[in-house]
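Residue numbers for the sequence shown follow UniProt numbering, beginning at 1 and rising by one. Even glycine gets a Cβ: it sits at the ideal position worked out from N, Cα and C. Every value quoted in this text rests on a predicted model; they were computed, and no experiment measured them.
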Amino acid sequence: MIGKRINERYKILDRIGGGGMADVYLAHDVILDRDVAVKVLKDQFSKDDDFIRRFHREAEAASSLAHPNVVNLFDVGEENGLYYLVMEYVEGPTLKEYIQQQNGLKTDEAVTIMRAVASAIAHAHANRIIHRDIKPHNILIGPDGEAKITDFGIARAISEATITHTNSILGSVHYLSPEQARGGHVTYKSDIYSLGIVFYEMIAGEVPFNGDTAVSVAIKHIQTPLPSIRDKYPHIPQSVENVIIKATAKSPDERYTTAGSMEEDLETVLSPSRLNEKMFVPGYLADDHTKALTPVREPAEAERKAPEETMVAGTPLVSAGSSKKTGSQADPDKKGWKKWLTGGIFFLIFLIGAVYLAFTWIPRWLHVDEVTIPDYLIGMNAEEAVEELEELELRVNEESVTHDEMEEGTVVSHNPQAGRTVKVDTLVTLRISDGPEGEPMEDYTGLAFSSIEEELSRYEDVQVETEINTEADDETVIRQSPQPGEMIVPGQTELILTISERPVETMSNLVGLSREEVVNYLSSHDYLHTEFTDEYSSTVPDGRVIRHNPGFGTELEEGTEVTIVFSRGPEPEPDEPEEDENGAGNDENGQEEEEEETPPVSASVPITIQMPSDAGEGEEYEIRIARTDSTTGDEAETVLEETITEEETFRIPVTLETEDDVAYLFIYQDDHEIEGSPFDYTYDEVRNYQNDG
Numbered sequence: 001m002i003g004k005r006i007n008e009r010y011k012i013l014d015r016i017g018g019g020g021m022a023d024v025y026l027a028h029d030v031i032l033d034r035d036v037a038v039k040v041l042k043d044q045f046s047k048d049d050d051f052i053r054r055f056h057r058e059a060e061a062a063s064s065l066a067h068p069n070v071v072n073l074f075d076v077g078e079e080n081g082l083y084y085l086v087m088e089y090v091e092g093p094t095l096k097e098y099i100q101q102q103n104g105l106k107t108d109e110a111v112t113i114m115r116a117v118a119s120a121i122a123h124a125h126a127n128r129i130i131h132r133d134i135k136p137h138n139i140l141i142g143p144d145g146e147a148k149i150t151d152f153g154i155a156r157a158i159s160e161a162t163i164t165h166t167n168s169i170l171g172s173v174h175y176l177s178p179e180q181a182r183g184g185h186v187t188y189k190s191d192i193y194s195l196g197i198v199f200y201e202m203i204a205g206e207v208p209f210n211g212d213t214a215v216s217v218a219i220k221h222i223q224t225p226l227p228s229i230r231d232k233y234p235h236i237p238q239s240v241e242n243v244i245i246k247a248t249a250k251s252p253d254e255r256y257t258t259a260g261s262m263e264e265d266l267e268t269v270l271s272p273s274r275l276n277e278k279m280f281v282p283g284y285l286a287d288d289h290t291k292a293l294t295p296v297r298e299p300a301e302a303e304r305k306a307p308e309e310t311m312v313a314g315t316p317l318v319s320a321g322s323s324k325k326t327g328s329q330a331d332p333d334k335k336g337w338k339k340w341l342t343g344g345i346f347f348l349i350f351l352i353g354a355v356y357l358a359f360t361w362i363p364r365w366l367h368v369d370e371v372t373i374p375d376y377l378i379g380m381n382a383e384e385a386v387e388e389l390e391e392l393e394l395r396v397n398e399e400s401v402t403h404d405e406m407e408e409g410t411v412v413s414h415n416p417q418a419g420r421t422v423k424v425d426t427l428v429t430l431r432i433s434d435g436p437e438g439e440p441m442e443d444y445t446g447l448a449f450s451s452i453e454e455e456l457s458r459y460e461d462v463q464v465e466t467e468i469n470t471e472a473d474d475e476t477v478i479r480q481s482p483q484p485g486e487m488i489v490p491g492q493t494e495l496i497l498t499i500s501e502r503p504v505e506t507m508s509n510l511v512g513l514s515r516e517e518v519v520n521y522l523s524s525h526d527y528l529h530t531e532f533t534d535e536y537s538s539t540v541p542d543g544r545v546i547r548h549n550p551g552f553g554t555e556l557e558e559g560t561e562v563t564i565v566f567s568r569g570p571e572p573e574p575d576e577p578e579e580d581e582n583g584a585g586n587d588e589n590g591q592e593e594e595e596e597e598t599p600p601v602s603a604s605v606p607i608t609i610q611m612p613s614d615a616g617e618g619e620e621y622e623i624r625i626a627r628t629d630s631t632t633g634d635e636a637e638t639v640l641e642e643t644i645t646e647e648e649t650f651r652i653p654v655t656l657e658t659e660d661d662v663a664y665l666f667i668y669q670d671d672h673e674i675e676g677s678p679f680d681y682t683y684d685e686v687r688n689y690q691n692d693g
């Protein structure tokens with residue numbers, strides 16, 4: 001595995017641990033550039049479809065945990081039959097290794113670590129996750145001394161899948177609760193028992209129950225009272241021992257009600273007022289109801305397991321009256337009393353086994369189990385809720401209902417209600433949300449966008465698009481999706497509105513038009529503010545437009561101010577010439593000659609902008625064109641600003657009133673006037689463009 005890259009993302013660097021379930025590797029996430037721990041499951045778990053499904057479900061549930069004392073689960077995946085988990089890498093020893101290094105921890109340090117772990121377990125329980133395999137091996141100590149617990153929920157997937165194959169139990173036997181050792185239901189209080197055992201080991205440096213075989217250790221969990229830690233270490237405060245005693249009570253009812261209540265108790269356990277408090281005695285000890293179990297004969301040597309070996313849950317580790325006979329045949333020469341003694345011993349074993357069977361198993365066979373309806377089903381995904389109830393051996397019926405608030409596919413309510421105690425095989429009815437009831441889509445077409453803007457907040461998302469439209473009013477809805485009348489749920493609907501936009505208009509060339517023609521033009525441009533003036537002109541006929549501002553081609557907006565100058569005709573001469581006898585002027589031909597008028601000309605003249613010779617492919621240049629003509633006077637007016645990446649030709653509108661006038665175009669590239677600028681256009685050139693256009 002070293003050097004292998006999983007999913008093209010996690011490069012395996014080194015093997016850092018492992019066990020019966022998986023191997024753990026240090027890896028580097030090449031995408032996020034961070035070290036992670038990758039846990040790769042053993043081959044025997046990759047061939048079971050039921051296990052794979054449960055494994056993914058439990059891992060995904062565990063990944064939802066967000067707590068400073070929980071190792072983050074980043075990713076769950078599979079590659080070529082290789083199933084793996086990607087977790088936060090904690091650089092440091094396991095709590096088991098740390099205890100061995102320190103030969104037991106100081107009381108205050110043990111309390112600090114246990115508070116952190118209890119807080120993490122309380123967070124998991126609040127999210128309906130039971131760890132099932134709490135032990136120092138699954139608790140990591142970071143460089144700053146902070147404890148982080150790992151492998152949430154994974155034990156359950158392994159346990160449930162393995163039952164099919166081995167009919168045995170998972171969990172390190174030294175930390176198993178009595179109910180786990182018997183093969184009973186695992187609850188939140190099973191985790192609390194394991195916390196108490198870990199707390200004991202942190203202070204004492206060793207587990208409270210040990211033995212030559214896993215079975216012998218399991219028997220002690222069920223039968224033997226927890227050794228007093230103060231007998232071995234008298235300096236330990238009674239308040240600390242009380243936490244251990246209460247967490248490890250044989251009966252779940254005698255333990256802390258929640259991991260959170262254990263955490264709260266640990267907060268004050270070292271307070272001076274509590275150091276010498278009265279010893280806590282569980283009810284079953286106080287009432288002297290404890291009964292010793294029948295001695296159990298252990299398996300043959302070949303079947304024995306090492307004390308630290310992990311075992312798997314499903315059937316009890318402890319049972320009575322089933323072991324192989326060993327030893328030699330009785331010597332026929334022995335005296336008769338030995339035969340009676342041997343027979344008596346076997347009869348006694350048989351009698352004890354019968355009593356144990358009568359008090360333990362027969363009531364179980366006759367008893368119909370009862371379960372409590374969980375209080376966390378409402379709001380849960382329907383599929384997960386069904387699995388939870390089926391695990392409690394309850395039957396499930398599903399009904400669909402509409403609901404305005406609950407997401408589709410989640411549990412709205414159930415019958416019987418939460419907290420009710422019912423017999424196994426009881427039918428539970430789940431009411432599953434179909435989501436909110438739909439309503440017809442509103443018709444917004446023809447409405448001004450400003451009038452509906454506040455109402456749009458009820459939709460999940462609104463996209464607004466614009467479209468040039470000469471018929472509809474500006475910023476009016478001209479199209480929508482979904483269509484009016486379609487059944488929708490507003491909070492789950494994306495609405496797309498198309499809004500009208502007026503076309504961009506530019507100033508027409510009014511030079512030379514009559515007053516009547518100008519008025520007609522302005523009647524269709526009532527958004528302009530106009531002003532008329534007049535002046536004498538020797539070139540423009542009376543009543544015709546001499547010039548206007550803004551000039552031809554300028555973009556118009558709402559409220560643009562336009563000044564139009566009309567001609568009053570030629571300015572009158574100050575003195576009238578004398579008339580001859582014939583009434584004609586005194587020109588040499590004896591008749592008045594009228595001067596020929598030259599009309600103003602307007603046209604869009606072309607100008608080509610070339611790219612610099614050293615310009616790279618796709619390189620952008622900012623271009624600005626300014627002009628002077630008869631409408632601008634001597635001051636140049638910017639008429640175009642563009643970004644170009646290749647040679648382009650633009651057409652610029654100019655107006656010349658007389659033959660003597662000249663138009664100039666000034667070209668700027670990145671605010672620097674280019675070589676050859678300005679470019680001039682004479683009256684005749686403009687007139688030719690006018691005639692061509």
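Classify residue i as buried or exposed, calling it buried when 16 or more other Cβ atoms lie within 10 Å of its own Cβ.
i: H529; result: exposed
i: T563; result: exposed
i: G196; result: buried
i: F346; result: exposed
i: F209; result: buried
i: N69; result: buried
i: T429; result: exposed
With H, G and I counted as helix, E and B as strand and the rest as coil, what does DSSP make of residue i?
i: L427; result: strand
i: S322; result: Its pLDDT being 37, under 50, S322 is placed unreliably in this model, and the value from its coordinates should be taken loosely. In the structure shown, S322 sits in coil (DSSP, three-state: anything other than H, G, I, E or B).
i: H123; result: helix
i: Y681; result: strand
i: Q463; result: strand
i: I129; result: coil
i: R230; result: helix
i: H548; result: strand
i: D670; result: coil
i: A62; result: helix
i: H221; result: helix
i: Y536; result: coil
Can you round the beta-carbon distance between residue i and residue j to whole angstroms, since I take them to be within the 8 Å contact cut?
i: K148; j: V90; result: 5 Å
i: E370; j: K423; result: 6 Å
i: L140; j: I203; result: Not a contact, Cβ separation roughly 19 Å.
i: I244; j: I229; result: 6 Å
i: E475; j: I496; result: Not quite, the Cβ-Cβ distance comes to about 16 Å (not below 8 Å), so this is no contact.
i: T655; j: T638; result: T655 to T638, Cβ: 16 Å. No contact.
i: H221; j: A181; result: 5 Å
i: I121; j: H137; result: Actually they do not touch by this definition, with Cβ atoms about 16 Å apart.
i: R544; j: S514; result: 6 Å
i: S194; j: I134; result: 4 Å
i: P410; j: A448; result: For the record, residue 410 in the displayed sequence is Thr; it is not Pro. Not confirmed; about 40 Å, so no contact.
i: P227; j: L275; result: Not confirmed; about 21 Å, so no contact.
Looking only at its own chain, which residues have a Cβ that is under 7 Å from the Cβ of residue i, when we skip the five neighbours before and after it?
i: L665; result: I607, I625, R627, I652, P678 and F679
Keeping to the same chain, check which residues put their C-beta closer than 6 Å to that of residue i; ignore five residues upstream and five downstream.
i: P252; result: K189
i: P332; result: Bear in mind that a pLDDT of 45 at P332, under 50, signals an unreliable position, so the model cannot answer this.
i: S328; result: Model confidence at S328 stands at a pLDDT of 37, short of 50, so the residue's coordinates are unreliable; what they give is reported in the following sentence. The answer is none, since no qualifying residue turns up.
i: L456; result: V462
Quick one, are the C-beta atoms of residue i and residue j less than 7 Å apart?
i: N509; j: F552; result: yes
i: M441; j: I488; result: yes
i: R9; j: V30; result: yes
i: R395; j: L348; result: no
i: S400; j: D434; result: yes
i: E494; j: L556; result: no
i: Y98; j: V40; result: no
i: Y527; j: E558; result: yes
i: Q610; j: E642; result: no
i: E88; j: V71; result: yes
i: V511; j: P600; result: yes
i: D14; j: L32; result: no
i: G690; j: Y621; result: It should be noted that the sequence gives Gln, not Gly, for residue 690. Contact flag unset, no.
Short of 8 Å in beta carbon distance, which residues of its chain neighbour residue i, apart from the five on each side in sequence? Order them along the chain.
i: T402; result: S433, D434, G435, P436 and E437
i: Y200; result: V207, P208, L226, I229, I244 and T248
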